[in-house]
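The structure appears below as structure tokens.
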Amino acid sequence: MQKNRIHNINKTGFKTPQDYFNNLEDAILSEIKLKESINNSGFKIPESYFDTFESRVMNQISDNETPKVISLFNKRTLVYVSSIAAAVLLLFNLSIFNKDLDWNKLDTETVENYMINEDISSYEIASLLSDEDLKEENFITYNLNEENVETYLLNNLDIDDIIE
Numbered sequence: 087m088q089k090n091r092i093h094n095i096n097k098t099g100f101k102t103p104q105d106y107f108n109n110l111e112d113a114i115l116s117e118i119k120l121k122e123s124i125n126n127s128g129f130k131i132p133e134s135y136f137d138t139f140e141s142r143v144m145n146q147i148s149d150n151e152t153p154k155v156i157s158l159f160n161k162r163t164l165v166y167v168s169s170i171a172a173a174v175l176l177l178f179n180l181s182i183f184n185k186d187l188d189w190n191k192l193d194t195e196t197v198e199n200y201m202i203n204e205d206i207s208s209y210e211i212a213s214l215l216s217d218e219d220l221k222e223e224n225f226i227t228y229n230l231n232e233e234n235v236e237t238y239l240l241n242n243l244d245i246d247d248i249i250e
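Taking our numbering, the leading residue of the sequence shown gets 87, the next gets one more, and so forth.
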């Protein structure tokens, strides 16, 4: 306390306006007189105003007037949108995109690649073939020279495949 010299403070920090306490009584009395002189708000309503208020409002509101209804969807845009939707629906339902696959259109190379890559067993192949497919007339006979077959096998086959 002595370090900060708090015990020697002369000013409190609070100040009042000049002549505040001399004029305080006059200010309070003038405020009281003002409140006594204004005892009404200045607004006047006619007698029986609230008794007839409901009937007057109901007379002003007529039930005969129908409100104007604004449609959210314009008829023209609704027709456009529905016609576009119908056209798209017809496009997908028609068989334009439906391509019928035929066994005769398949390449032999495609079938061979499928059979090699898909690990099809001989029983599955046999179930797909009918008796007419296995007739002797359907097979082409090649007259192969034994020398040509031997050179082809030596050039194109791996010995490891033959051993296995």
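In this text, a Cβ means the ideal position worked out from N, Cα and C, and glycines have one as well.
Given the structure is predicted, the values throughout are model-derived calculations rather than measurements.
Distance between Ser141 and Ile147, taken at the CA atoms: about 10 angstroms. The straight-line gap separating the alpha-carbon atoms of Arg162 and Asn179 is approximately 26 angstroms. Collapsing the DSSP output to three states places Phe100 in coil.
A straight-line Cα-Cα distance of about 16 angstroms links Thr227 and Asn234. In this structure, the straight-line span from the alpha carbon of Val197 to that of Asp217 is close to 20 angstroms. In the structure shown, the three-state DSSP call for Leu240 is helix. For the pair Trp189 and Leu158, the Cα-to-Cα distance works out to about 55 angstroms. CA-CA distance, Ile211 to Lys221, rounds to 16 angstroms.
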